[in-house]
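Asks: Can you read through this structure? Questions will come right after.
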Amino acid sequence: MTILSEYLKERRNEEWRAELRKKLKGKERTSIPRVKMPEVEPQERTKHQNVEVNLGLTEEQALVEASRCMDCATPTCIDGCPVQINIPEFVKNIERKEYGLAAQTLKKTSALPAVCGRVCPQEKQCEEQCFYTTKLGKDPIAIGYLERFAADWERESGEMSVPECAPANGKKIAAIGSGPASLSFAGDMAKLGYDVTVFEALHEIGGVLKYGIPEFRLPNSVVDVELENLRKMGVKFVNNFIVGRTASFDDLKEEGFEGFFVASGAGLPRFMNIPGENYNGIMSSNEYLTRVNLMGAASDDNDTPVLRGKTVAVIGGGNTAMDSVRTSKRLGAERSIIVYRRSRAEMPARVEEVNHAEEEGIEFMNLANPVEYFADEKGRVNKMRVQHMELGEPDASGRRRPVPVEGSEEDIDVDLVIVAVGVSPNPLIPSCLPELKVSKWGTIEVGDNMQSSIPVLFAGGDIVRGGATVILAMGDGRKAAASMHEYLSGEQKND
Amino acid sequence: MHIQTVISTNSNFMNRIVDKEFLSENVVKIVVEAPLIAKSRKPGNFIILRISDKGERIPLTIAAADEEKGTITLIAQKVGVSTEKLAKMEVGDSLHDLVGPLGKATEISKIGTILACGGGVGIAPLLPIVEGFKKAGNRVISVLAARSKDLIILEDEMRKWSDEVIIMTDDGSHGTKGLVTEGAEMVIKREKVDECIAIGPAIMMKFTSLLTKKYDIPTQASLNSIMVDGTGMCGACRVTVGGKTKFTCVDGPEFDAHQIDFDEMMMRLGGYREEEKKDYERFMSQV
């Protein structure tokens, strides 16, 4: 930690930073209101599944917003970032119009800044720790918006910098899964000179960034540019390949693979196990979003169908629930309703997504929980019974526990229900390795260095955490890369 | 060696179709180059394929594999847009995507006498299981059933791995006139059966299961639920087994037939019927 703080101090003391700080008085900076993200109007955006809602800051907006940052001597914002981006440095680079340098600062520690700028829950991370939030009681610097601005600027400039890679060391590494954990791992290992191959079970590379998060929040083109960047660094991608099935771990070892990073995700949807849940028209958010995002089911050009509903209920209060409910609106639902067992304050979704959903006419039935479903004679759901809840004492998660209100059941007519109450680890990969230690929840057990009970096998992301965020998965990928490098280098010395 | 080819071409195999044959008017057999799957597959496993970049992910059980030639055999019945398109592919064409092997393999050991019941296109996934049980030293009696003679597929192959094959047709055009359950019951009454495998239309599996339950014979059924990813991710293939929700793709495709809620399974198979019908009509009007 001290090395980091000394490094930060050194960077902060650079002449340009000191000069920049003198440009405006503190009071001048703090009196500027936080920028508002330009957006596509709700009536317009709900007509399209693939039109991004946030348009991104203009250069003028970004410059003003960057000038709000005080360039604090103790930048607490960095403590809130799981990958410890040097936030003041990239923000100040924006302020002095060095957008390329701002992007490079981001890429030093984050493999996917254009993605994180869009999907990170900044209000619970960097922005929550911002001086404006903690000390001034004002709206924080829009760090996420600025991150996106710098990353987008670099991408659109056509001058994407490819990070420098160490000379090839000839060591073959396999990354399993192609979501954020794996991509950040692959990037770091490529920088260290390893020969990295990413294996993906689906036909499309990108994991949850492609099958899960809709394009109105994260356009595929943004992800594709990041993938292209990794390819330029020498990372190889293989789709339609399930390690442990298509070929075994031992087969890959025979091919010369020396290290494995398993980041196969939490792709096993949870259901609530309530009566009627297997009726047609009730599906997991994974199924709904996969059909629409990965298989293109909303368009007639594609063969994969997706059920549509007039009244769609989405169960849950996380980002996936918001993605699903907003998707249903875009697919023509007359009523789209979030049914969440706690209150809005406890919703795990990004605040921005909840606000966007509300702007788009999504109804919120909070403090309610489905207890039973009913169907027509063909087995298609037509009604759900919800029980109303009230908040009791805080539970293990620190959030107030929802308690059922006796006799409060209510029936609601619905014809499509999307269950978005979380996911469990995907058992496909662990089941191929009987000697691998897994928890009773099916997550892979790893030490602080992300190493599993099999020394050459490291793991990270949701297969370890059971269901977290893009940025935490990326943090795991980076940590695993550093540890695997240390392990493989040490092993070499011992030979 | 194959792994290296896959990695260096930066895409998967060619997935080239090397042989194609119609087993009946609506049932097509294709043999596809897939050396890694041919090597790693086990009886009961399935694959998922896509015909084009706009195509559905279609799950199909692997009917046979030739490890030396590096090929797998797939058998599909034309039931909708995607299978119509598949049946139109020719030798030399390549599948856009192919992934597998998926699903749990059949548990095969020496048990004694196996009664293998196959209905219609369900005979295809039954073939590698019958082969496996025969090779493990079991006595295998196969009962193959279909509406009429031309819908009985793979009869020669099944004979190769069965001690006895009984053919049942609805119209009596081949074998004995009657249902699969009648053929099965004849065997059960005749000799001791240690285990039964049933693969075919849901209704056929349901009644076979009811029959073997009456005689207390452990029975496995292999389900053909609707799937999207086939890797446990979506839950479209969920089925109630013993009162618990299971995923056909990762927990199956074979389950204890006596525990399966077949009525729910049949209801769920119809979940996209209207969408499929509309798509099929549109497709057929274009070709």
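Here the protein sequences come in this chain order: G and U.
One point on numbering: in the numbering used here, the residue at position 395 of the first sequence is 395, and numbering is uninterrupted.
One point on numbering: in the numbering used here, the residue at position 16 of the second sequence is 1016, and numbering is uninterrupted.
Note that beta-carbon positions come from the ideal geometry of N, C-alpha and C, so glycine has one too.
Got a sec? Which residues, its chain only, sit under 8 Å from G:Val53 by beta carbon, not counting five neighbours each side?
Replies: Position 53 of the first sequence, counted from the first residue, corresponds to residue 53 of chain G. Excluding positions up to five away in sequence, the list reads Glu39, Val40, Arg45, Phe216, Arg217 and His356.
Asks: Taking Cβ positions only, does U:Pro1128 come closer than 8 Å to chain G?
Replies: Here residue 1128 of chain U refers to the residue found at position 128 of the second sequence. No, U:Pro1128 lies away from the interface with chain G (no Cβ there is under 8 Å from its Cβ).
Asks: G:Met295 touches chain U at which residues, Cβ-Cβ below 8 Å?
Replies: Translated into positions along the first sequence, residue 295 of chain G becomes position 295. Neighbours of G:Met295 on chain U, chain order: Glu1056, Arg1057 and Val1228.
Asks: Is any beta-carbon of chain U found at less than 8 Å from that of G:Asp495?
Replies: Here residue 495 of chain G is taken as the residue at index 495 of the first sequence, counted from 1. For G:Asp495, the pLDDT reaches just 42, beneath the cut-off of 50, and the residue's location in the model is therefore unreliable, although a value from the coordinates is still provided. By this cut-off, G:Asp495 is not an interface position.
Asks: Using a 10 Å radius around the Cβ and a threshold of 16 neighbouring Cβ atoms, would you call G:Glu19 buried or exposed?
Replies: By 1-based counting over the first sequence, the position of residue 19 of chain G is 19. Classification of G:Glu19: exposed, given that the 10 Å Cβ count is below 16.
Asks: Terminal residues of the continuous alpha helix (DSSP H) containing U:Pro1035?
Replies: Here residue 1035 of chain U corresponds to residue number 35 of the second sequence, with the count starting at 1. Note, U:Pro1035: alpha helix (DSSP H), Pro1035 to Ser1040.
Asks: With a threshold of 16 other CB atoms inside 10 Å of the CB of U:Glu1033, please say whether the residue is buried or exposed.
Replies: In the second sequence, counting from the first residue as 1, residue 1033 of chain U sits at position 33. U:Glu1033 should be labelled buried.
Asks: Quick one: residues in its chain with C-beta nearer than 8 Å to the C-beta of G:Glu127, no 5 flanking neighbours on either side, listed in chain order?
Replies: The residue labelled residue 127 of chain G in the question sits at position 127 within the first sequence. Around G:Glu127: Cys77, Gly80, Thr133, Pro140, Ile141, Ala142, Ile143 and Gly144.
Asks: Any idea what DSSP makes of U:Asn1010, helix, strand or coil?
Replies: The sequence position of residue 1010 of chain U within the second sequence is 10, counting from 1. In this predicted model, U:Asn1010 has a pLDDT of only 49, less than 50, meaning its place in the structure is not dependable; the value taken from the coordinates is given anyway. The answer is coil: DSSP assigns U:Asn1010 none of H, G, I, E or B.
Asks: In terms of residue numbering, what span does the beta strand (DSSP E) encompassing G:Val83 cover?
Replies: Locating residue 83 of chain G in the first sequence gives position 83, where the first residue counts as 1. Looking at the DSSP string, G:Val83 is not in any beta strand (DSSP E), and its letter there is neither H nor E.
Asks: Pull up the CB-CB distance for G:Glu360 and G:Pro121, whole angstroms please, since I reckon it's below 8 Å.
Replies: Counted from its first residue, the first sequence places residue 360 of chain G at position 360. Counted from its first residue, the first sequence places residue 121 of chain G at position 121. So it is not a contact: roughly 20 Å between Cβ atoms.
Asks: Specify, as a first and last residue, the run of the beta strand (DSSP E) that U:Lys1244 falls within.
Replies: Residue 1244 of chain U sits at position 244 when you count from the first residue of the second sequence. Run containing U:Lys1244: Lys1244 to Phe1247, per the beta strand (DSSP E) assignment.
Asks: For the stretch 420-427 of chain G against the stretch 392-403 of chain G, do three or more pairs of beta-carbon atoms, one drawn from each stretch, fall closer than 8 Å, so that the two count as touching?
Replies: Not touching, per the Cβ criterion.
Asks: Against U:Ser1082, what residues of chain A qualify as contacts under a CB-to-CB distance less than 8 Å, listed in chain order?
Replies: The structure shown has no chain A; the protein chains it does contain are G and U.
Asks: Excluding the 5 residues flanking U:Thr1083 on each side, which residues of the same chain have their C-beta closer than 6 Å to its C-beta?
Replies: Residue mapping note: residue 1083 of chain U aligns to position 83 of the second sequence, counting from 1. For U:Thr1083, where only same-chain residues beyond five positions count, the Cβ hits under 6 Å are Ala1076.
Asks: Taking the C-alpha atoms as reference points, what is the distance between G:Asp188 and G:Leu55?
Replies: Walking along the first sequence from the start, residue 188 of chain G turns up at place 188. Walking along the first sequence from the start, residue 55 of chain G turns up at place 55. Each residue's Cα considered, the two are about 30 Å apart.
Asks: How many Å lie between G:Thr197 and G:Asn220 at the Cα?
Replies: Position 197 of the first sequence, counting from 1, holds the residue named residue 197 of chain G. Position 220 of the first sequence, counting from 1, holds the residue named residue 220 of chain G. When rounded, the distance between both Cα atoms is 21 Å.
Asks: U:Pro1201 and U:Gly1122 look like a contact to me (Cβ under 8 Å); what is the Cβ gap, rounded to whole Å?
Replies: Here the question's residue 1201 of chain U lines up with position 201 in the second sequence. Here the question's residue 1122 of chain U lines up with position 122 in the second sequence. Contact holds; Cβ gap of about 7 Å.
Asks: Please classify G:Thr58 as buried or exposed, where buried requires at least 16 neighbouring CB atoms within 10 angstroms.
Replies: In the first sequence, the residue the question calls residue 58 of chain G occupies position 58. The residue in question, G:Thr58, is exposed, as its Cβ has fewer than 16 Cβ neighbours within 10 Å.
Asks: Near U:Glu1157, which residues of its chain fall below 8 Å by C-beta distance, leaving aside the five closest residues on each side in sequence?
Replies: As a working mapping, residue 1157 of chain U is identified with position 157 in the second sequence. Result list for U:Glu1157: Ala1064 and Leu1127, in chain order.
Asks: Could you give the uninterrupted runs of the alpha helix (DSSP H) lying entirely in the stretch 204-249 of chain G, keeping only those of 4 residues or more?
Replies: Qualifying alpha helix (DSSP H) stretches, in chain order: 208-211 and 220-232.
Asks: Name the residue from G:Glu352, G:Leu4, G:Gly256 and G:Glu435 whose alpha carbon lies nearest to the alpha carbon of G:Arg326.
Replies: Numbered from its first residue, the first sequence carries residue 326 of chain G at position 326. Nearest C-alpha to G:Arg326: G:Glu352.
Asks: Can you pull the chain U residues whose beta carbon is under 8 Å from the beta carbon of G:Lys252, in chain order?
Replies: Working through the first sequence from its first residue, we reach residue 252 of chain G at position 252. The amino acid at residue 252 of chain G is misidentified as Lys; the sequence shows Leu. The contacting residues are Ile1003.
Asks: Sorted by chain position, which residues of the same chain lie with C-beta nearer than 7 Å to G:Pro500's C-beta, five sequence neighbours on each side aside?
Replies: The requested residue 500 of chain G does not occur in the structure, where chain G is confined to residues 1 to 495.
Asks: Could you tell me if U:Trp1161 is buried or exposed, where buried requires 16 or more neighbouring beta carbons within 10 angstroms of its beta carbon?
Replies: The count along the second sequence starts at 1 and reaches residue 1161 of chain U at position 161. Buried, since its Cβ has 16 or more Cβ neighbours within 10 Å.
Asks: Output needed for U:Asp1093: all residues of its chain with C-beta closer than 7 Å, excluding positions within five of it in sequence on either side, in chain order.
Replies: The residue labelled residue 1093 of chain U in the question sits at position 93 within the second sequence. If we look at U:Asp1093 and ignore the five residues flanking it on each side, its Cβ neighbours are Ile1017.
Asks: When you compare only the Cα positions, how much space is there between G:Gly460 and G:Asp476?
Replies: Numbered from 1 along the first sequence, position 460 holds the residue referred to as residue 460 of chain G. Numbered from 1 along the first sequence, position 476 holds the residue referred to as residue 476 of chain G. C-alpha separation (whole angstroms): 5 Å.
Asks: Taking the beta strand (DSSP E) that G:Asn369 belongs to, which residues open and close that run?
Replies: As a working mapping, residue 369 of chain G is identified with position 369 in the first sequence. Start and end: Ala368 to Ala375.
Asks: Does the Cβ of G:Tyr7 have 16 or more other Cβ atoms within 10 Å, making it buried, or fewer, making it exposed?
Replies: Locating residue 7 of chain G in the first sequence gives position 7, counting from the first residue. So G:Tyr7 counts as exposed.
Asks: Classify U:Pro1043 as helix, strand or coil using the three-state DSSP reduction.
Replies: In the second sequence, counting from the first residue as 1, residue 1043 of chain U sits at position 43. Coil, per DSSP.
Asks: Strictly under 8 Å for the Cβ-Cβ distance: is G:Arg350 near chain U by that measure?
Replies: Here the question's residue 350 of chain G lines up with position 350 in the first sequence. Closer than 8 Å: no.
Asks: Report the three-state DSSP secondary structure of G:Thr197 (helix, strand or coil).
Replies: In the first sequence, counting from the first residue as 1, residue 197 of chain G sits at position 197. Looking at G:Thr197 - three-state DSSP - the assignment turns out to be strand.
Asks: With a threshold of 7 Å (Cβ to nearest heavy atom), would G:Lys232 be considered close to the ligand NAP?
Replies: Annotation note on the ligand NAP: not contained in the displayed structure, which lists no ligands.
Asks: Just to confirm the assignment, what range does the alpha helix (DSSP H) spanning G:Thr105 have?
Replies: Along the first sequence, one-based indexing puts residue 105 of chain G at 105. Element bounds for G:Thr105: Tyr99 to Thr109.
Asks: Measure from the C-beta of U:Leu1098 to each C-beta in chain G and report whether the shortest distance is under 8 Å.
Replies: Working through the second sequence from its first residue, we reach residue 1098 of chain U at position 98. Output row for U:Leu1098: interface = yes.
Asks: Does any CB atom of chain U fall closer than 8 Å to the CB of G:Arg330?
Replies: Here residue 330 of chain G refers to the residue found at position 330 when the first sequence is read from its first residue. Judged by the 8 Å Cβ criterion, G:Arg330 is not in contact with chain U.
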